[in-house]
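Those letters in the sequence shown? Residues 1 to 723, per the UniProt record's numbering, in order. Don't be surprised by glycine CBs; every beta carbon is placed ideally from N, CA and C.
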Amino acid sequence: MLPVNNNPDLPLQTYLRSAGDATSSGSVSQTATVPLRPDEYYALWSEWEENAMPGMGEKRDIAVARMRECLETGRELLDLAQLQLSSLPESLPPYIRELIVYRNHLSKLPDNLPETLIYINVSDNELIEIPANLPPRLVEFNLENNQLESIPGDLPNTIKKLNLAENRLSILPDHLPDSLQYLDLQDNQFHTLPVSTGRISPEANVFVEDNPFPERTLRRLMDLAQMGDYTGPQFYFSMLEDEADVVSCPLTEVVKDWLSAQLSDSTWAAIEKEDNAATFSAFLSRLGETRNARENPAFKARVSDWLTRLAETPALRETTFAVAQEATTSCEDRVTLAWNDMQKVALVYDVENGAWDDRLPELMTVGCEMFRLEQLEQAARDKVKTLRFVDEVEVYLAYQTGLRDALRLTSAGERMRYGDVSGVTQEDLDRILVQVREREKRAFPTWLAQWTPWKTALYRTSPGFVENMQEQQTGALNDTYRQRVDAELKAAGVKGIADAEVAVGKKVWDEMTGENDTALTRAFLQNRYCALMADKRPEQALKAVTELTSVAASAPAVAAMAVRPGNVNEVHPGSLLATKVAAGGMAPLAEAWVSLLHRLYENKYLDKEEVISALLPHKKEHSVGSLAHAIAGAAWNSEAATKLCALLSDVAGSDENSRQDIMARLSLKLPGDRFSQLNPDQAADFYERAKNADKFSRNEAAKAHLKEGGLIQESRELYRMVG
1 MLPVNNNPDL
11 PLQTYLRSAG
21 DATSSGSVSQ
31 TATVPLRPDE
41 YYALWSEWEE
51 NAMPGMGEKR
61 DIAVARMREC
71 LETGRELLDL
81 AQLQLSSLPE
91 SLPPYIRELI
101 VYRNHLSKLP
111 DNLPETLIYI
121 NVSDNELIEI
131 PANLPPRLVE
141 FNLENNQLES
151 IPGDLPNTIK
161 KLNLAENRLS
171 ILPDHLPDSL
181 QYLDLQDNQF
191 HTLPVSTGRI
201 SPEANVFVED
211 NPFPERTLRR
221 LMDLAQMGDY
231 TGPQFYFSML
241 EDEADVVSCP
251 LTEVVKDWLS
261 AQLSDSTWAA
271 IEKEDNAATF
281 SAFLSRLGET
291 RNARENPAFK
301 ARVSDWLTRL
311 AETPALRETT
321 FAVAQEATTS
331 CEDRVTLAWN
341 DMQKVALVYD
351 VENGAWDDRL
361 PELMTVGCEM
371 FRLEQLEQAA
381 RDKVKTLRFV
391 DEVEVYLAYQ
401 TGLRDALRLT
411 SAGERMRYGD
421 VSGVTQEDLD
431 RILVQVRERE
441 KRAFPTWLAQ
451 WTPWKTALYR
461 TSPGFVENMQ
471 EQQTGALNDT
481 YRQRVDAELK
491 AAGVKGIADA
501 EVAVGKKVWD
511 EMTGENDTAL
521 TRAFLQNRYC
531 ALMADKRPEQ
541 ALKAVTELTS
551 VAASAPAVAA
561 MAVRPGNVNE
571 VHPGSLLATK
581 VAAGGMAPLA
591 EAWVSLLHRL
601 YENKYLDKEE
611 VISALLPHKK
621 EHSVGSLAHA
631 IAGAAWNSEA
641 ATKLCALLSD
651 VAGSDENSRQ
661 DIMARLSLKL
671 PGDRFSQLNP
681 DQAADFYERA
691 KNADKFSRNE
701 AAKAHLKEGG
711 LIQESRELYR
721 MVG
């Protein structure tokens with residue numbers, strides 16, 4: 001049962017408020033309705049049509065035509081919505097199962113509704129009461145936005161969904177149907193939760209947002225509903241604040257608190273007349289009262305810049321104003337969540353309008369943030385399912401605010417007011433942080449590749465490249481799609497079953513398009529960074545390394561995709577860097593590149609095989625440049641060599657197979673044309689290169705790393721004290 005009193009010292013049962021002053025409960029007494037003859041229905045409906053209230057604009061003629069159709073054809077749905085009706089005839093078609101009469105002016109329903117009804121939608125009317133005897137098979141009853149102050153005590157035990165939102169209820173009957181799975185009590189006048197709500201099935205959802213519950217009551221209810229012996233339904237609430245504290249001011253006045261004299265009054269005076277400007281003004285007023293605005297000057301400056309931009313960008317302003325709807329309906333934290341959503345709107349707007357075309361690395365970062373926010377939204381949905389008394393806004397915001405720094409969520413607010421009622425613990429945050437990072441490694445490259453803003457940016461910046469890739473992929477898709485579908489159908493033993501073929505076909509198509517989109521993005525990135533590395537200007541190679549290092553800090557899964565060798569024979573950015581290092585110079589860039597690989601490996605964005613393949617050739621006939629050999633031969637006395645050996649040691653030391661693989665690859669000789677500018681004695685294997693370089697400057701730190709990783713063999717001259 002759900003606790004509802006404020007005294008924590010009383011027994012659990014005493015928290016349940018009696019609704020004895022509500023309509024008393026009892027057995028359902030449904031009087032059987034005897035169907036009339038058709039001519040009797042026609043006569044009643046004709047009289048009802050003639051008695052329409054003058055000046056109301058009632059469309060009773062349409063209503064009668066639809067009732068006649070139901071009677072004559074056996075149609076089971078009677079739709080009388082939005083006909084300006086002030087009443088319904090006492091006798092409706094006898095065999096209808098669905099009655100839809102929303103958005104009329106009804107103050108009551110007929111006393112004897114057809115017994116066959118299972119669905120009634122009478123929302124957005126003016127009902128002050130509902131019949132005591134309702135259809136005995138009724139399953140769903142929508143009474144949202146009426147003027148009800150009470151409901152009957154004898155609701156049919158078949159009702160599963162009851163919507164009483166936006167009425168004037170402060171009490172409920174002592175008994176509610178055991179069948180209820182959904183009860184909406186939002187925006188009523190409840191100060192405490194009636195006892196009957198706590199008796200509903202544990203699988204049911206009860207929505208009580210926007211009721212005038214005292215905050216102290218809500219906190220105690222939340223604590224007690226989380227107790228192990230609680231067996232009631234799941235409640236959804238909101239931390240409602242006093243809306244009287246928010247004075248409605250013109251938008252021109254509200255923006256002055258943020259902008260001072262930065263924009264003319266005439267600019268915002270014109271904006272003030274736009275759709276949703278009033279709701280945006282209310283949002284902005286509430287935003288000024290949040291902890292972020294009161295305690296963080298940098299936040300206020302950010303809002304000021306944002307408002308200036310909104311004034312200059314009508315399309316963005318229109319979308320942002322629309323987001324302001326519902327933003328001030330409850331607590332400060334809903335305002336903060338709306339602010340976060342508005343920042344996402346601005347990011348997507350910029351991307352879609354080309355503002356990021358020349359800032360693709362930053363666009364990857366934006367995409368990564370969008371992906372992380374999407375994962376947190378899913379985590380919040382999962383968390384909500386585990387709570388029995390929950391404000392969804394607080395749960396969503398708790399994840400965003402709690403992981404703002406760890407996940408680099410620039411669009412999320414720094415503070416929330418009611419974090420303690422979210423039910424989200426530090427353990428939850430720690431677990432979800434690990435979960436998001438793991439999902440990012442596996443799923444983000446494909447997510448980014450299929451993100452519409454990213455795909456749009458790729459096409460705008462490299463239309464020819466994208467079209468060529470897509471043409472190649474289309475041919476491959478046509479060749480292999482049928483084969484993969486047939487293979488899956490055969491493996492599942494469902495070949496020839498039409499529904500299964502449709503489902504498997506969609507699954508395979510989605511998989512193949514995801515693979516193709518990912519391959520396109522990977523090819524684009526490698527093409528971009530290979531072009532920079534191949535450029536003769538040193539600053540271009542520096543740009544490639546700098547960009548990828550920056551991307552690795554914010555979107556490491558994408559950086560891994562760019563540096564990871566695919567086909568062992570293909571040239572990739574690391575192999576081109578090897579050529580530059582072997583020719584002399586570029587040691588600092590090689591050091592930065594190796595550090596990048598090491599970071600991606602440590603954070604598990606690259607596996608052992610990928611690191612080894614990125615540094616060393618696989619077979620001696622491959623023409624891909626070996627960065628390890630280049631560093632050993634031309635930069636052994638640099639920090640690049642030390643970091644290289646540290647990385648090789650880490651990979652080798654954790655796995656004997658990896659150690660043997662590295663040992664074998666280090667001993668391979670490469671074709672001389674790849675290192676044509678090296679001295680003849682440097683064209684030998686890795687150890688010979690390092691040995692020769694060691695004659696001029698010993699790198700004891702590099703040797704120590706190799707020894708630590710078990711990569712030193714005593715027979716190697718490199719490991720003798722060479723003078």
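| message | Excluding the 5 residues flanking Ala560 on each side, which residues of the same chain have their C-beta closer than 6 angstroms to its C-beta? | response | The answer, listed in chain order, is Leu600, Tyr605 and Leu606.
| Name the DSSP beta bridge partners of Phe141, please? | Under DSSP, the beta-bridge partners assigned to Phe141 are Ile120 and Leu162.
| query | Expressed to the nearest angstrom, what Euclidean distance is found between the alpha-carbon atoms of Leu92 and Pro110? | reply | Cα atoms of Leu92 and Pro110: separation of roughly 9 angstroms, rounded to the nearest angstrom.
| query | By how many angstroms is the C-alpha of Ala476 removed from the C-alpha of Ser554? | reply | Those two C-alpha atoms are separated by around 33 angstroms.
| Of the choices Lys256, Leu251 and Ser285, whose alpha-carbon is the least far from that of Ala269? | Ranked by how close their Cα comes to the Cα of Ala269, the residues Lys256, Leu251 and Ser285 have Leu251 in first place.
| said: Rounded to the nearest angstrom, what separates Ala315 and Ala282 at their Cα positions? | reply: Their Cα atoms are separated by approximately 20 angstroms.
| Excluding sequence positions up to five away, which residues of its chain have a Cβ less than 7 angstroms from the Cβ of Ala592? | Closer than 7 angstroms at the Cβ level, and outside the excluded window around Ala592, lie Val545 and Thr549.
| query | Just checking my contact of Ser201 with Gln181 at CB under 8 angstroms: how many whole Å lie between their CB atoms? | reply | The pair is a contact, with the Cβ atoms about 7 angstroms apart (cut-off 8 angstroms).
| query | Alpha carbon to alpha carbon, what distance is there between Gly493 and Leu138? | reply | Between the alpha carbons of Leu138 and Gly493 lies a distance of about 43 angstroms.
| task | Consult DSSP for Asp305 and reduce its assignment to one of helix, strand or coil. | result | It is helical.
| field | For Leu143 and Leu169, the rounded distance between their alpha carbons | value | The alpha-carbon atoms of Leu169 and Leu143 are separated by roughly 12 angstroms.
| For the alpha helix (DSSP H) that Glu427 lies in, which residues bound it at each end? | Run containing Glu427: Gln426 to Ala449, per the alpha helix (DSSP H) assignment.
| At which residues does the alpha helix (DSSP H) containing Tyr182 begin and terminate? | Segment Tyr182 to Asp184 is the beta strand (DSSP E) holding Tyr182; no alpha helix (DSSP H) there.
| field | Top-ranked residue by Cα proximity to Glu467, from Arg659, Pro54, Phe524 and Ala541 | value | Among Arg659, Pro54, Phe524 and Ala541, the Cα nearest to that of Glu467 is on Phe524.
| message | In the DSSP assignment, the beta strand (DSSP E) including Asp111 goes from what residue to what residue? | response | First-last for Asp111: undefined, no H or E at that position.
| request: From the DSSP output, in three-state form, read off Leu77 for me. | output: Strand, per DSSP.
| message | Give me the residue from Cys249, Trp454, Gln375 and Ala443 with the minimum Cα distance to Leu429. | response | Of Cys249, Trp454, Gln375 and Ala443, the smallest CA-CA separation from Leu429 is found for Gln375.
| said: Below 8 angstroms, how does it come out for the stretch 493-506 and the stretch 520-537: are there three or more Cβ pairs, yes or no? | reply: Judged by Cβ distances under 8 angstroms, the stretch 493-506 makes no contact with the stretch 520-537, as fewer than three pairs qualify.
| said: Give me, in chain order, the residues of the same chain whose beta-carbon lies closer than 6 angstroms to that of Asn121; leave out the 5 immediate sequence neighbours on both sides. | reply: Within the same chain, and ignoring the five residues on either side of Asn121 in sequence, the residues whose Cβ sits closer than 6 angstroms to its Cβ are Ile100, Tyr102 and Asn142.
| query | On the three-state DSSP scale, how would you describe Tyr134? | reply | Reading off the sequence, residue 134 comes out as Leu, not Tyr. The answer is coil: DSSP assigns Leu134 none of H, G, I, E or B.
| field | For Pro54, the residue or residues it bridges with in DSSP | value | According to DSSP, Pro54 bridges with nothing at all.
| message | I need the DSSP call for Glu98, collapsed to helix, strand or coil. | response | The answer is strand: DSSP assigns Glu98 an E or B state.
| message | Here's the rule I'm using: 16 or more other beta-carbon atoms within 10 Å means buried, otherwise exposed. How should Leu77 be labelled? | response | Residue environment: Leu77 is assigned as exposed (fewer than 16 neighbouring CB atoms within 10 Å of its CB, all protein chains considered).
| From Glu318 to Arg439, what does the alpha carbon distance come to, in whole angstroms? | Roughly 34 angstroms separates the two Cα atoms.
| query | Taking the C-alpha atoms as reference points, what is the distance between Asn104 and Asp124? | reply | Asn104 and Asp124 have their alpha carbons spaced roughly 7 angstroms apart.
| said: Here's the rule: buried if 16 or more other CB atoms are within 10 angstroms of the residue's CB, otherwise exposed. What is Val651? | reply: By the neighbour-count criterion, in which a residue is buried when 16 or more other Cβ atoms sit within 10 angstroms of its Cβ, Val651 is buried.
| Going by alpha carbons, who is nearest to Asp275 out of Val254, Leu127, Ala324 and Thr267? | When the alpha-carbon of Asp275 is set against those of Val254, Leu127, Ala324 and Thr267, the nearest one is in Ala324.
| field | Residue range of the alpha helix (DSSP H) that includes Val515 | value | With the sequence shown as reference, residue 515 is identified as Glu, and Val is not the correct amino acid for it. Per DSSP, the continuous alpha helix (DSSP H) segment holding Glu515 begins and ends at Ala498 to Ala534.
| Status (buried if at least 16 other CB within 10 Å, exposed otherwise) for Glu610 | Result: buried.
| query | Given a threshold of 16 other Cβ atoms within 10 Å of its Cβ, counted over all protein chains shown, does Thr73 qualify as buried or as exposed? | reply | Sixteen is the threshold: since fewer than 16 other Cβ atoms of the shown chains lie within 10 Å of the Cβ of Thr73, the residue is exposed.
| task | With a cut-off of 8 angstroms on the beta carbons, I'd call Gly505 and Thr446 a contact; round off their distance for me. | result | That belief does not hold up - the Cβ atoms of Gly505 and Thr446 are roughly 20 angstroms apart, past 8 angstroms.
| query | Ala582 and Gly633: beta carbons closer than 8 angstroms? | reply | Against a cut-off of 8 angstroms, the Cβ pair of Gly633 and Ala582 comes out as a contact.
| request: Please report the residue range of the alpha helix (DSSP H) in which Arg404 lies. | output: Looking at the DSSP string, Arg404 is not in any alpha helix (DSSP H), and its letter there is neither H nor E.
| query | Going by beta carbon distance, what residues of the same chain come within less than 8 angstroms of Leu360, once the five residues before and after it are set aside? | reply | Excluding sequence neighbours, Leu360 sits near Ala457, Thr461 and Arg528.
| said: Here's a check: name, in chain order, each residue in its chain whose Cβ is nearer than 8 angstroms to the Cβ of Ala204, leaving out the five neighbours to either side. | reply: Leu180, Gln181, Tyr182, Leu183, Pro233 and Gln234.
| Counting along the chain, where does the alpha helix (DSSP H) carrying Thr410 start and finish? | Element bounds for Thr410: n/a, residue is neither H nor E.
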